[in-house]
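Here the structure comes first, spelled out in structure tokens, and everything after it is commentary.
Residue numbers (the numbering used here): 166 to 482.
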């Protein structure tokens, strides 16, 4: 059965799949990145995992993968296939596409940014499949975004389009690792809510999910923490609406697992803030942690289509 290899590399673990041409997940697997062993060991883990997936496909599906797609965190040069920098994995300037292609036997390889790749999956196969323009926003440890336009994800001129987590929503506010103060992800990410709720309730083991449960139970401390996050998120989203005019906002990540505890006040807060902007649909992501693998598979299939159309395996963003 014709298929591609898809790898979604995270800070602590990797999700992988063999993906059919129709987006079917034919085989799935997980593995630790082993980042505690250093950047070189992480790269070797990725290469070895990909080789095992290729072997599995040959044995169980009757043929090797025809291409591979890999999504990685950090700063990514998608056009040249280089993982430029990832603080949580410790690497710089890794020629990931060339290394994977060599390990897999000259199989064509597409490289993508993890959030943009997840947005590609969610946009084509998930909550955004009927939207010509959307913004995909996973609320996890941090916040980043993927801008979807007519079935593709906009990388930007320098590969950093969609970094809405570093839009300043509270000038002079909390220090951010990017060097600014008051960034959106310091107020509305799952990790930000976790820290705020721990401070409010005095429990150092409490999580954002615990805060959401306390909101549902009517705890006024939790309601204040939650509303502060929702207000900051709404401010950031209205800024995005003004610049991008998406038809759909797709919210994913850990904070979105709170369901209507998040979406009901968020929709209201955004509606209160818009003036001339058109109000988009605000919907939860539906693919969960499969979005990255599915997106990586789509990258690989797109690469094959591009190669067939142009006769070249080089792709540009």
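We treat Cβ as the ideally placed atom computed from N, Cα and C, and that holds for glycine. These numbers were taken from a predicted model, which means no experiment stands behind them.
Annotation for residue 449: the continuous beta strand (DSSP E) segment containing it runs 446-449. Distance from the CA of residue 246 to the CA of residue 380, rounded to the nearest whole angstrom, comes to 44 Å.
Following the DSSP letters along the chain, one finds residue 277 inside the beta strand (DSSP E) bounded by residues 274-278. Residue 251 and residue 390 have their C-alpha atoms roughly 31 Å apart. A straight line joining the alpha-carbon of residue 334 with that of residue 351 spans about 10 Å. Assignment of residue 442 by DSSP, reduced to helix, strand and coil, places it in the coil class. Rounded to whole angstroms, the separation of the alpha carbons of residue 170 and residue 438 is 43 Å.
Residue 465 and residue 368 have their C-alpha atoms roughly 45 Å apart. Taken in chain order, the whole alpha helix (DSSP H) runs of length 4 or more contained in the segment 276-346 are 279-290. Pairing residue 349 with residue 402, the inter-Cα distance amounts to about 10 Å.
Inter-segment contact for the segment 448-464 and the segment 273-292 is present: three or more beta-carbon pairs are separated by less than 8 Å.
Beta-bridge analysis with DSSP links residue 417 to 303. Pairing residue 344 with residue 336 gives a Cβ-Cβ distance that is not under 8 Å. Taking C-beta separations shorter than 7 Å and ignoring five residues to either side along the sequence, the partners of residue 268 in its chain run 212, 215, 216, following chain order. Excluding sequence positions up to five before and after residue 298, its CB lies within less than 6 Å of the CB of 314, 411, 412, all in the same chain and listed in chain order. By the C-beta criterion, the segment 421-437 is judged not to be in contact with the segment 187-199, since fewer than 3 inter-stretch pairs fall below 8 Å. DSSP places residue 261 in the helix class (H, G or I) of the three-state scheme.
Judged by beta-carbon spacing, residue 272 lies within the 8 Å limit of residue 233, meaning their Cβ atoms are closer than that value. Sequence-distant Cβ neighbours of residue 240 in its own chain, meaning closer than 6 Å and more than five residues away, are 249, 250.
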